[in-house]
Amino acid sequence: MNLRRDVFQAIADPTRRAILLLLASQAMTAGAIAANFDTARPTVSKHLQILTECELLKQEQNGREVHYQLNPHKMKEIADFIEPFRQMWDDRFNKLEDIMQKYKS
Amino acid sequence: MEKKTKVQAGEGRQDILITREFDLPVELLFKAYTQPEIVAEWMGTKVVKLENKKHGSWQFETSDPQGNVVFTAAGTIHDIIPNEKIVRTFQMAAPGFDAQLEFLEFEALTASTSKLNMLIVYKSVAHRDQQLRLPFAMGLNMAHERLQTIASRLQ
Numbered sequence: 001m002n003l004r005r006d007v008f009q010a011i012a013d014p015t016r017r018a019i020l021l022l023l024a025s026q027a028m029t030a031g032a033i034a035a036n037f038d039t040a041r042p043t044v045s046k047h048l049q050i051l052t053e054c055e056l057l058k059q060e061q062n063g064r065e066v067h068y069q070l071n072p073h074k075m076k077e078i079a080d081f082i083e084p085f086r087q088m089w090d091d092r093f094n095k096l097e098d099i100m101q102k103y104k105s
Numbered sequence: 001m002e003k004k005t006k007v008q009a010g011e012g013r014q015d016i017l018i019t020r021e022f023d024l025p026v027e028l029l030f031k032a033y034t035q036p037e038i039v040a041e042w043m044g045t046k047v048v049k050l051e052n053k054k055h056g057s058w059q060f061e062t063s064d065p066q067g068n069v070v071f072t073a074a075g076t077i078h079d080i081i082p083n084e085k086i087v088r089t090f091q092m093a094a095p096g097f098d099a100q101l102e103f104l105e106f107e108a109l110t111a112s113t114s115k116l117n118m119l120i121v122y123k124s125v126a127h128r129d130q131q132l133r134l135p136f137a138m139g140l141n142m143a144h145e146r147l148q149t150i151a152s153r154l155q
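As given, the protein sequences belong to chains A and B, one line each in that order.
Each residue of the first sequence is one higher than the one before, starting from 1 at the first, in the UniProt record's numbering.
Each residue of the second sequence is one higher than the one before, starting from 1 at the first, in the UniProt record's numbering.
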């Protein structure tokens, strides 16, 4: 499995990027995070699960509460600015390829 | 799976090499770059002008759903050889961006597959790095704007 790509798929979603920004300043519980979004709580939980699975977030047990926080090590990896650029071109070229398949006789 | 699109951007250099192999005959790949309505489709932009000839010029314009122009880019075609190459300039109409020179080489691999080499040369290392960072920065900006919208709703 290509973890690197998974990270970029994770941040391709605007809600997940908003969650990362939210957690940039402080660790928060799932409930506190969900309170910042109009989205249903289970949807936010799903986003948190994806972000945790690709190691962008870490969970920390705090008494009875679980706090989510950024994993700085993994965040550094997405600061590698070439990958989103490559992804942008890859998406464009995939689209080009799909469109041109129609013209094949 | 190997990545289909490759980007080579050496540290401290002012160029980027983008390569990609396509499951398309080279003629169709070239057509995707020269037919305005097809360019519009895969680039997601309006093609205002596209003169496929030596010393011709081109112009793209992208609008948001409300019809406001959010992006324009233009340049001239320096050289064009069907199914082989396009040499052109590209410039985004936004402060801080300068012209870039693009060498597009189209290569037939087999009768049904082809390869594109796109070498982009920038004015400086800083200009190149700015372009490289743009997709990442835009992603974060979008998230930030969304967050601000959410925050303003909570007030």
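The C-beta atom is built at its ideal place from N, Cα and C for all residues, glycine as well.
CA-to-CA distance, residue j to residue i, given in whole angstroms
i, j, result
"alanine 94(B)", "glycine 56(B)", "22 Å"
"glutamine 35(B)", "histidine 78(B)", "18 Å"
"arginine 5(A)", "lysine 54(B)", "Unreliable positioning characterises arginine 5(A) in this predicted model, as indicated by a pLDDT of 47, which lies under 50. The coordinate reading is nonetheless provided below. C-alpha separation (whole angstroms): 40 Å."
"glutamate 83(A)", "leucine 132(B)", "9 Å"
"phenylalanine 103(B)", "valine 70(B)", "26 Å"
"tryptophan 89(A)", "threonine 5(B)", "7 Å"
"glutamine 130(B)", "tyrosine 33(B)", "25 Å"
"threonine 39(A)", "leucine 20(A)", "16 Å"
"phenylalanine 60(B)", "valine 44(A)", "38 Å"
"isoleucine 16(B)", "serine 112(B)", "27 Å"
"arginine 86(A)", "glutamate 84(B)", "23 Å"
"methionine 43(B)", "arginine 92(A)", "7 Å"
"isoleucine 81(B)", "proline 135(B)", "31 Å"
"arginine 20(B)", "phenylalanine 97(B)", "25 Å"
"glutamine 59(A)", "glutamine 66(B)", "41 Å"
"leucine 56(A)", "arginine 17(A)", "11 Å"
"glutamine 8(B)", "asparagine 62(A)", "45 Å"
"asparagine 36(A)", "cysteine 54(A)", "22 Å"
Counterpart residues of residue i in DSSP-defined beta bridges
i, result
"alanine 74(B)", "Gln59(B) and Gln91(B)"
"glutamate 60(A)", "His67(A)"
"valine 7(B)", "Ile18(B)"
"asparagine 117(B)", "Thr19(B) and Glu105(B)"
"glutamine 100(B)", "Phe90(B)"
"residue 202(B)", "With chain B represented from 1 up to 155, any question about residue 202(B) goes unanswered, as that position is not in the structure."
Residue-chain proximity (residue i, chain A), Cβ-Cβ < 9 Å
i, result
"valine 7(B)", "yes"
"phenylalanine 22(B)", "yes"
"glutamine 100(B)", "no"
"lysine 4(B)", "yes"
"isoleucine 18(B)", "yes"
"tryptophan 42(B)", "yes"
"proline 25(B)", "yes"
Distance between beta carbons of residue j and residue i, contact taken as under 8 Å
i, j, result
"lysine 104(A)", "leucine 28(B)", "7 Å"
"glutamine 100(B)", "valine 121(B)", "6 Å"
"alanine 32(A)", "arginine 41(A)", "Not quite, the Cβ-Cβ distance comes to about 12 Å (not below 8 Å), so this is no contact."
"valine 26(B)", "glutamate 105(B)", "That pair is no contact at about 10 Å."
"alanine 10(A)", "isoleucine 50(A)", "6 Å"
Cutoff 9 Å: residue i Cβ touching any chain B Cβ
i, result
"tyrosine 103(A)", "yes"
"methionine 75(A)", "no"
"residue 109(A)", "The requested residue 109(A) does not occur in the structure, where chain A is confined to residues 1 to 105."
"proline 72(A)", "no"
"isoleucine 82(A)", "yes"
Requested in this report: Say whether the segment 83-102 of chain A touches the segment 75-91 of chain B, bearing in mind that this needs 3 or more beta-carbon pairs closer than 8 Å, one atom from each stretch.
Outcome: no
Query raised in the report: Does the segment 67-75 of chain A come close enough to the segment 25-35 of chain A to have 3 or more Cβ pairs within less than 8 Å?
Result: yes
Query raised in the report: Can you find at least 3 beta carbon pairs, one from the segment 32-49 of chain B and one from the segment 60-76 of chain B, that sit closer than 8 Å?
Result: yes
**Report entry** Cβ contact (3+ pairs, closer than 8 Å) linking the segment 55-66 of chain A and the segment 116-136 of chain B
**Finding:** no
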